[in-house]
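In what follows, a single structure is set out as structure tokens and then discussed.
2 protein chains.
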Amino acid sequence: MAVSIKDVAQRAGVSVATVSRVFGNGPVSPELRERVEKAIAATGYRPNLSARRLRSQHSQTIGLMVADIRSPFFTALSRVVEDEAYRSGLRVILCNTDESAEREAMYLRLMEEERVTGLIWSPTRGSLERLADEDPPFPVVLVDRGGPVGRHDSVVLDNQQATATLVRHLHTIGRGRIVGLFGNTSSTAVDRHLGYLTATAALGLSSEAFFVPPNAEAAEREIVKVFSRPDRPDGVIASSSAILLGVVKAMRRLGLRTPDDVAIAGFDNETWSELVGPGLTVIEQPVGDIGRMAMTLLFDRLRAPKAPARKVMLSGRLIVRGSTAPVTGLVDEPVD
Amino acid sequence: MAVSIKDVAQRAGVSVATVSRVFGNGPVSPELRERVEKAIAATGYRPNLSARRLRSQHSQTIGLMVADIRSPFFTALSRVVEDEAYRSGLRVILCNTDESAEREAMYLRLMEEERVTGLIWSPTRGSLERLADEDPPFPVVLVDRGGPVGRHDSVVLDNQQATATLVRHLHTIGRGRIVGLFGNTSSTAVDRHLGYLTATAALGLSSEAFFVPPNAEAAEREIVKVFSRPDRPDGVIASSSAILLGVVKAMRRLGLRTPDDVAIAGFDNETWSELVGPGLTVIEQPVGDIGRMAMTLLFDRLRAPKAPARKVMLSGRLIVRGSTAPVTGLVDEPVD
DNA sequence: GAAACCACTGAAAAGGATTACATGAGGCTT
DNA sequence: AAGCCTCATGTAATCCTTTTCAGTGGTTTC
Chain A
125 MAVSIKDVAQ
135 RAGVSVATVS
145 RVFGNGPVSP
155 ELRERVEKAI
165 AATGYRPNLS
175 ARRLRSQHSQ
185 TIGLMVADIR
195 SPFFTALSRV
205 VEDEAYRSGL
215 RVILCNTDES
225 AEREAMYLRL
235 MEEERVTGLI
245 WSPTRGSLER
255 LADEDPPFPV
265 VLVDRGGPVG
275 RHDSVVLDNQ
285 QATATLVRHL
295 HTIGRGRIVG
305 LFGNTSSTAV
315 DRHLGYLTAT
325 AALGLSSEAF
335 FVPPNAEAAE
345 REIVKVFSRP
355 DRPDGVIASS
365 SAILLGVVKA
375 MRRLGLRTPD
385 DVAIAGFDNE
395 TWSELVGPGL
405 TVIEQPVGDI
415 GRMAMTLLFD
425 RLRAPKAPAR
435 KVMLSGRLIV
445 RGSTAPVTGL
455 VDEPVD
Chain B
125 MAVSIKDVAQ
135 RAGVSVATVS
145 RVFGNGPVSP
155 ELRERVEKAI
165 AATGYRPNLS
175 ARRLRSQHSQ
185 TIGLMVADIR
195 SPFFTALSRV
205 VEDEAYRSGL
215 RVILCNTDES
225 AEREAMYLRL
235 MEEERVTGLI
245 WSPTRGSLER
255 LADEDPPFPV
265 VLVDRGGPVG
275 RHDSVVLDNQ
285 QATATLVRHL
295 HTIGRGRIVG
305 LFGNTSSTAV
315 DRHLGYLTAT
325 AALGLSSEAF
335 FVPPNAEAAE
345 REIVKVFSRP
355 DRPDGVIASS
365 SAILLGVVKA
375 MRRLGLRTPD
385 DVAIAGFDNE
395 TWSELVGPGL
405 TVIEQPVGDI
415 GRMAMTLLFD
425 RLRAPKAPAR
435 KVMLSGRLIV
445 RGSTAPVTGL
455 VDEPVD
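Residue numbers (this note's numbering), protein chains in the order written: chain A, 125 to 460; chain B, 125 to 460.
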């Protein structure tokens, strides 16, 4: 049996309440405090967090639920969230849903059993809709995937704006037939699609959008199919880094040169983005800010449960690289 | 106040013990079981995991402690470990140490307070040595960084063998001045360095090794320095994917062509490895197997606490790509 | 027909902390 | 000197389960 607070109390010649107060910064005389601390050191006592949580009715735990931690955006997000959480004395329970509504439901139940104080969640489209009907018994902050309105706090990239920026950039370097390739599971892709449609329409460009499973292989297949048709597009916008990688692979396979034959651009700046092909033009997400803002929203919510929901939109940053370099001699507009 | 087992019992007209048995698959008559299940559904009861853990003295939780979840190897590892854990009804506590011994110690204390049933840990070199002196009060499985002997179970790549394979491969394509670039924090790098020394010696090659902080920037700086000297090496081996990226960046900056001027190779196969430059030659680690084996070792250990420690070594797979293609006209040995 | 056994069930203890409440000792005010 | 705070401390209740133990009623065994 491990050493409990009783053993420490006995050894220090005080009551268990006093030992507890030493941990909780309650009022304890310097003399007793020292005796207790000595006893703790001597016994190697470690407070039992389960007991503490049970009694104090405070789990000191939050949930983080994403599609797949291996997706670079979520990797970075989780790192930020964990850092912030530990700094505030909170534990994090990480869940990978693989975009499955069933697993989301299962993990939601788990969160309830853990009595989490809050959840940071990037839900699938289905769950996002269902979330409008019934609330979990803890505050939820949506992240990355915000949905239309908001009974819940959310923090997302300004996806429409960001995608429009990409479209306008491709137009600037003289591309007129720009196709969009979007993931078929997230609401993010819906917003990005909308931005794509709006921007192409505003510029008087044709538009053609494809929705694929959000992985490189599916994207590659789709692009190979699209570019095997007689009149090829001259630009591609990809709605995630995985999809963008698939596009690059497809270009290699088809023997098309970037940016000469096709200019390509997408989302998420990774360590390798500048080293793939001629360098990839991307929208960089402020993932650090997104994660910290999510935590801030959660803390605010805990303080004011009834306050109206807030939706925070952050803007991305366009990083221009070789994959959208202007083709010399073909373009005479100035590049901004 | 949330609904407790008492409320369910009351509503179903049974004792709390019976409700508990419904969850624990104890002996309950079909009739009562149904009444209890109805009451659970009606009340929306969720068992309180803190209370359960306190009473049953079983945390159903394991720890996973790595340097940085953003490092691709650890990202993949964490995904495997989480999957395996949830499949067995275990929670995972993830900790990022940033290679700091101080944070390792802090998180070890946290693990004790959580009463984890075990820890999967990729320790810094310092902690690895200290681990020889005193044991945490739970089983530890070392992963990726195994250390020399073993009071603890461990599962690692055969790093010496893998690095030797890289050296021999570079030699096969006609490279004779191969430098090695290794991280300066992990024991992994030590093993890889040893493999590098052994293999170059066996082939009668000169050797020159550098130890750098395990990030792309530091690696880039070091390589730029080394390659600015009069007689350039013609091959580089990097001991991690981050370092390898730094090498690629350095080559760009120096205007050196790969593989013509310098052949480069390293560790860890990522989604983007084939798309960076001419494609990167790497040793692929069986990260899925490593993670699953770590869990297996942990479960075995829980069953047999006194059994002798096991050290499992898995072998990597060489993936040859453009960064080590033979230079035409310069080499006449056959490529294997 | 008594004994042994079985399958269920409930009452109550236990697990390890926090915390409401009671107590007692000093120090102040009046 | 009585009354009243304040501060430090201890006692005991409480958080919500699981689990032990002791039935209960019914069936099988000898």
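For each residue, glycine too, the CB sits at the ideal point set by N, CA and C.
Below 8 Å on the Cβ atoms is my contact criterion, and I expect residue i with residue j to pass it. Report the Cβ-Cβ distance as a whole number of Å.
i	j	result
A342 (chain A)	G319 (chain A)	22 Å between Cβ atoms; not a contact.
A325 (chain B)	F306 (chain B)	Not quite, the Cβ-Cβ distance comes to about 17 Å (not below 8 Å), so this is no contact.
A225 (chain B)	T241 (chain B)	About 24 Å; that fails the 8 Å criterion.
L329 (chain A)	I347 (chain A)	So it is not a contact: roughly 19 Å between Cβ atoms.
L294 (chain A)	G359 (chain A)	4 Å
V267 (chain A)	W245 (chain A)	7 Å
E344 (chain B)	A374 (chain B)	5 Å
S311 (chain B)	L252 (chain B)	6 Å
F335 (chain B)	S364 (chain B)	At roughly 12 Å, the Cβ-Cβ gap does not stay under 8 Å, so F335 (chain B) and S364 (chain B) are not in contact.
R292 (chain A)	A323 (chain A)	6 Å
What residues in its chain sit with their C-beta under 7 Å from that of residue i, if we drop five residues either side in the sequence?
i	result
N393 (chain A)	V406, E408 and I443
L218 (chain B)	L188, I193 and S202
L156 (chain A)	V138 and T142
G469 (chain B)	Summary: the structure shown does not reach residue 469 (chain B), with chain B confined to residues 125 through 460, and so no result is reported for it.
T382 (chain B)	M375, I388, G401, P402 and S447
D413 (chain A)	L438
Q283 (chain A)	Per the sequence presented here, residue 283 (chain A) reads as Asn, with Gln not at that position. Same-chain partners within the cutoff: T312, D315, R316 and G319.
Buried or exposed: where does residue i fall if 16 or more other Cβ atoms within 10 Å of its Cβ makes it buried?
i	result
S126 (chain A)	Per the sequence shown, residue 126 (chain A) should be read as Ala rather than Ser. Exposed is the call here.
E457 (chain A)	Because the pLDDT of E457 (chain A) is 46, which lies under 50, any placement of that residue in the model is unreliable, and the question is left without a value.
G453 (chain B)	Residue confidence is low: G453 (chain B) scores 49 on pLDDT, short of 50, so the model does not pin down where it sits. Its coordinate-derived value is still stated next. It counts as exposed.
H276 (chain A)	buried
S484 (chain A)	Only positions 125 to 460 of chain A appear in this structure, which leaves residue 484 (chain A) out of reach.
E206 (chain B)	buried
V314 (chain B)	buried
E236 (chain A)	buried
P261 (chain B)	exposed
P196 (chain A)	buried
Could you check the C-alpha separation between residue i and residue j for me, to the nearest Å?
i	j	result
V455 (chain B)	H317 (chain A)	Reliability of the predicted coordinates at V455 (chain B) is poor, the pLDDT of 44 falling under 50, and the value obtained from them is presented with this limitation in mind. Each residue's alpha carbon lies about 51 Å from the other.
W396 (chain A)	P263 (chain B)	37 Å
G274 (chain A)	N220 (chain A)	24 Å
V190 (chain A)	P338 (chain A)	14 Å
G379 (chain B)	V386 (chain B)	11 Å
V372 (chain A)	R269 (chain B)	35 Å
P357 (chain B)	A288 (chain B)	18 Å
R445 (chain B)	A428 (chain B)	44 Å
E158 (chain A)	I164 (chain A)	10 Å
V152 (chain A)	V140 (chain A)	12 Å
A200 (chain B)	V411 (chain B)	7 Å
R441 (chain B)	S183 (chain A)	44 Å
L290 (chain A)	A362 (chain A)	10 Å
E223 (chain B)	K162 (chain B)	51 Å
R227 (chain B)	D259 (chain B)	17 Å
R233 (chain A)	N149 (chain B)	19 Å
G304 (chain A)	S331 (chain A)	8 Å
G271 (chain B)	R177 (chain A)	37 Å
Q285 (chain A)	V204 (chain B)	36 Å
S144 (chain A)	R434 (chain B)	41 Å
G168 (chain A)	Y231 (chain A)	35 Å
I186 (chain B)	A229 (chain A)	23 Å
Leaving out the 5 sequence neighbours to the left and right, which residues in its chain are closer than 8 Å to residue i when beta-carbon positions are compared?
i	result
P171 (chain B)	I129 and F147
M101 (chain A)	It is not possible to answer for residue 101 (chain A), since the shown part of chain A is limited to 125 through 460.
L399 (chain B)	none
E208 (chain A)	G415, R416 and M419
R425 (chain B)	G242, P263, V265, D277 and A431
To which residues does DSSP link residue i through a beta bridge?
i	result
V267 (chain A)	A:V279
N220 (chain A)	A:V190
A362 (chain A)	A:L305
M437 (chain B)	B:V280
R215 (chain B)	B:T185
I407 (chain A)	A:F391 and A:L442
G242 (chain B)	B:I186
Suppose the cutoff is 6 Å on Cβ atoms and the five residues either side in sequence are ignored; what does the same chain contact list for residue i look like?
i	result
A340 (chain B)	A366, L369 and G370
A136 (chain B)	R159, V160 and A163
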